[in-house]
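Notes follow once the structure below has been shown.
Number of protein chains: 2
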Amino acid sequence: MTATHPDALAVPADLETPSLVVDLDVLERNLDEMANLCRGHGVELLPHAKTHRVPQIGLLQIARGADGLCVAKLGEAEAFADAGVSRMTVGYPVVGRDKALRARRLAERVDLTLGVDSVDGARSIGEVFAQDGREIKLILIVDSGLGRVGVQPGEAAMATRLINEVPGVRVTGVMTHEGWVYAAPDRADLHARSQAAAALMVGAAESIRADGTPLPTVSLGASASARLAAGMPGVTQIRPGIYAFNDLGQIALGNATTQTCAVRVLATVVSHPDPRRACIDAGSKALSQDGLPAAAHLGRYPGHGLLVGLPGWRIERLSEEHGWLRWHGPGEPTPLRVGQRVQVVPNHVCTVFSSLNEATAVRQGEVEATWTTIGPGASR
Amino acid sequence: MTATHPDALAVPADLETPSLVVDLDVLERNLDEMANLCRGHGVELLPHAKTHRVPQIGLLQIARGADGLCVAKLGEAEAFADAGVSRMTVGYPVVGRDKALRARRLAERVDLTLGVDSVDGARSIGEVFAQDGREIKLILIVDSGLGRVGVQPGEAAMATRLINEVPGVRVTGVMTHEGWVYAAPDRADLHARSQAAAALMVGAAESIRADGTPLPTVSLGASASARLAAGMPGVTQIRPGIYAFNDLGQIALGNATTQTCAVRVLATVVSHPDPRRACIDAGSKALSQDGLPAAAHLGRYPGHGLLVGLPGWRIERLSEEHGWLRWHGPGEPTPLRVGQRVQVVPNHVCTVFSSLNEATAVRQGEVEATWTTIGPGASR
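Top to bottom, those sequences are chains A and B.
Counting in UniProt numbering, the first sequence runs from 1 upward without gaps.
Counting in UniProt numbering, the second sequence runs from 1 upward without gaps.
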């Protein structure tokens, strides 16, 4: 890689490695593009902030047109509330009295909606709210095909009815994370999967409305499908996370290019014991162990991220602090130098933020800010 | 799991999940056992503190007989120095002027040794030290078979000679991380691998001494082999990390039992959409994506950790915040309850500490302390 490689971000030469760098110009363009698209379709944009866990980025998303934030856990919601975010959905089955007590305090200062996928879960929350005659908005998690959490679409109406019988809670919408769209091998299939997810969710919402429950929100997630889902009739909200930065997963799916990818992990070659092997100082505690989400594209983007400007070199394996490089190119290996800096487009940006717990924001090669993620307890 | 299951740690009922819990009685027994073993063999114990990255645990290790600490990165060394640790080895190829400047400041207040595996790396460090006529101790990283960093054993003498020609540095020992011992399928093979690693390193040291360089330190790593390596003639230092806590990897290798494993990840069942599937609130941001280090034992311990007291249930897959449980037992699934708490023996304790960045220390079921890991920058 040279400093002028077209896929390299301009960064100060003295940034220590390993570091996560965010280019603010690219980030802002990505935020604007999605906000404009949502405005155009009349759907709400609730970016998933578990991607970055950085209060300043959440505020920037709202300043540039987002309607609030989605988060995974109450710990994240509390930290974003402290930073001034006033509307959030916790897109996770919130369960248990301890969480309910925290949610009740949080609901006093922000417009809060909690994920739910069981009557037992709803009851453990409702108990605390009903005690003071209050009510918390819930959003029913529907399993659109991922097989993780959520009720089946055909059970959505019955689940809503049973949950709404629990004092202290009220179901106001349905949501899904259509993570199975990531398996799409090409654009046409991605389009078809996105349409299918939207149709399932709109159908689930209609079945609930037909059962007599008003249901304003039909919410889809996933940066992979967000742009397509936003245009589908009946969808009222999208919750993409990665779109703000993009990563190799989004590039592989055709949703991004290296030019629209706002992040790089800076690393240094620390060892080069033979011409076909080397190590960089970014291991799983920087890049995370996450593979490419789009497994269908592993053939084109093998390994633990894309080494910018070093075709033939592959990040074949990670230890905690070591990225194991191996030459896979034709002919003789491109020589590396101990001390040489490299840029990596990471496979999955969400887990890089939470591995390094810090990012450096640059604009035109100059540092504008250093951001730290929400501290310990974010996952609770 | 019931509260009285023999493999469960006693923990307060109100700890929020997901949490990493450390039992202090078990931890202290583990520390004492290894310190006594090292004292018995007359070898130094430099526990690898990248395992926990918790200043208080590092101090406890020293209070209970360790001779100093090993760390992976300068960022860790700086934080442990701030906490009062006075002797450390950075067991990583330290490369570059920025690192050298930090190492020079650090060497003013602690007894510091830096890893090296190349003349270029040594030069980038030596330059800064030689400037004021100072000298920094280096330890030569030897590749004993892992194929990651380090010089080959047969090149150790030549590498030492070339590095010692660099002004400002002096090689005082050889070290290896014999990570390949983790592939041992049984105790006999583990013993053979540990002996082989020790023999290689003692041989490399002898070749350096035969070349005329005094070389006090012969250092092996890896909790898997530490107890065996400590007894091998010529080994002067061991650097185990996981031994303090143990984990499923050590249990699989026969180095530990659930009773000597000081850690559990507490989690809550948050979703149970069908009798054969459920989700807990501990995903890769709690348990990490690390598989069992001892791949040879995957058949006995499949998945992302051991669910205490729930045979038949397996943590089959992780998303960032979801642990996907699936029933693999014979017959009908053991029923779970939304809201139920579970304890997980993690595959790899090092990456759990760095995922959650926090641990709760308990003794006889009561919380004694909450520890946080070194903040952002630990990996630099």
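By construction, the Cβ of each residue, glycine as well, lies at the ideal position given by its N, Cα and C atoms.
Nothing here was measured: the structure is a model prediction, and the numbers come from that model.
What in chain B is Cβ-close to residue i, meaning under 8 Å?
i, result
"residue 112/A", "The contacting residues do not exist; residue 112/A stays about 18 Å from chain B at best."
"residue 321/A", "50, 72, 73, 92 and 379"
"residue 357/A", "357, 375 and 376"
"residue 354/A", "285, 320 and 355"
"residue 360/A", "What residue 360/A touches in chain B: nothing, since even the nearest Cβ is about 10 Å away."
Residue i: buried (16+ other C-beta within 10 angstroms of its C-beta) or exposed?
i, result
"residue 14/B", "exposed"
"residue 2/B", "For residue 2/B, the pLDDT reaches just 47, beneath the cut-off of 50, and the residue's location in the model is therefore unreliable, although a value from the coordinates is still provided. Result: exposed."
"residue 355/B", "buried"
"residue 283/B", "buried"
"residue 109/A", "exposed"
"residue 32/B", "exposed"
"residue 42/A", "exposed"
"residue 97/B", "exposed"
"residue 271/A", "buried"
"residue 381/A", "Look at the range of chain A in this structure, 1 to 380, and you will see that residue 381/A is not part of it."
"residue 233/B", "exposed"
"residue 255/B", "buried"
"residue 383/B", "Since the first residue shown for chain B is 1 and the last is 380, residue 383/B is missing from the structure and cannot be characterised."
"residue 377/A", "buried"
"residue 382/A", "Only positions 1 to 380 of chain A appear in the structure, and residue 382/A is not among them; the question remains open."
"residue 364/A", "exposed"
"residue 297/A", "buried"
How about residue i and residue j: do their beta carbons lie closer than 8 Å?
i, j, result
"residue 381/B", "residue 179/B", "This structure cannot settle anything about residue 381/B, because the visible part of chain B is limited to 1 through 380."
"residue 303/A", "residue 265/A", "no"
"residue 111/B", "residue 93/B", "no"
"residue 162/B", "residue 119/B", "yes"
"residue 174/B", "residue 205/B", "yes"
"residue 85/A", "residue 62/A", "yes"
"residue 259/A", "residue 8/A", "no"
"residue 45/B", "residue 65/B", "yes"
"residue 170/B", "residue 140/B", "no"
"residue 198/A", "residue 229/A", "yes"
"residue 176/B", "residue 202/B", "no"
"residue 59/A", "residue 83/A", "yes"
"residue 379/A", "residue 185/B", "no"
"residue 69/B", "residue 227/B", "no"
"residue 278/A", "residue 325/A", "yes"
What is the C-beta distance between residue i and residue j, in whole angstroms, given that I count them as a contact (C-beta under 8 Å)?
i, j, result
"residue 209/A", "residue 200/A", "Incorrect: roughly 15 Å between the Cβ atoms, too far for contact."
"residue 157/A", "residue 211/A", "4 Å"
"residue 217/B", "residue 237/B", "6 Å"
"residue 268/B", "residue 95/A", "6 Å"
"residue 91/B", "residue 239/B", "6 Å"
"residue 286/B", "residue 54/B", "With a Cβ gap of about 16 Å, residue 286/B and residue 54/B do not count as contacting."
"residue 349/A", "residue 308/A", "Not quite, the Cβ-Cβ distance comes to about 15 Å (not below 8 Å), so this is no contact."
"residue 151/B", "residue 159/B", "5 Å"
What does residue i touch in chain A if you count any residue whose Cβ is under 7 Å from its own?
i, result
"residue 324/B", "148"
"residue 284/B", "351"
"residue 160/B", "Simply none; closest approach about 15 Å."
"residue 22/B", "Simply none; closest approach about 14 Å."
"residue 18/B", "379 and 380"
"residue 268/B", "95 and 96"
At 7 Å on the CB atoms, spell out the chain B contacts of residue i, in chain order.
i, result
"residue 338/A", "95, 118, 120 and 121"
"residue 38/A", "Chain B residues near residue 38/A: none, gap ~24 Å exceeds 7 Å."
"residue 271/A", "93, 117, 118 and 149"
"residue 124/A", "339"
"residue 290/A", "289"
Any heavy atom of the ligand COA closer than 7 Å to the CB of residue i?
i, result
"residue 355/A", "The ligand COA is not among the ligands present in this structure, which contains no ligands whatsoever."
Given that residue i touches chain B, what residues does it touch there, using C-beta distances under 9 Å?
i, result
"residue 263/A", "By Cβ distance, chain B contributes nothing, its closest Cβ being about 16 Å from residue 263/A, past 9 Å."
Applying a beta-carbon distance threshold of less than 9 Å, which residues of chain A neighbour residue i?
i, result
"residue 14/B", "98"
"residue 143/B", "273"
Inset, instruction - Answer yes if the region 75–82 of chain B comes into contact with the region 50–60 of chain B, meaning at least three C-beta pairs across the two stretches below 8 Å, and no otherwise. - result: yes
Inset, instruction - Kindly confirm or deny that the region 315–324 of chain B and the region 102–114 of chain A touch, where touching means at least three C-beta pairs closer than 8 Å. - result: no
Inset, instruction - Indicate whether the contact test is met: 3 or more Cβ pairs, each with one atom in the region 287–307 of chain B and one in the region 246–253 of chain B, closer than 8 Å. - result: yes
Legend entry - At least 3 beta-carbon pairs within less than 8 Å: the region 371–378 of chain A vs the region 330–344 of chain A: no
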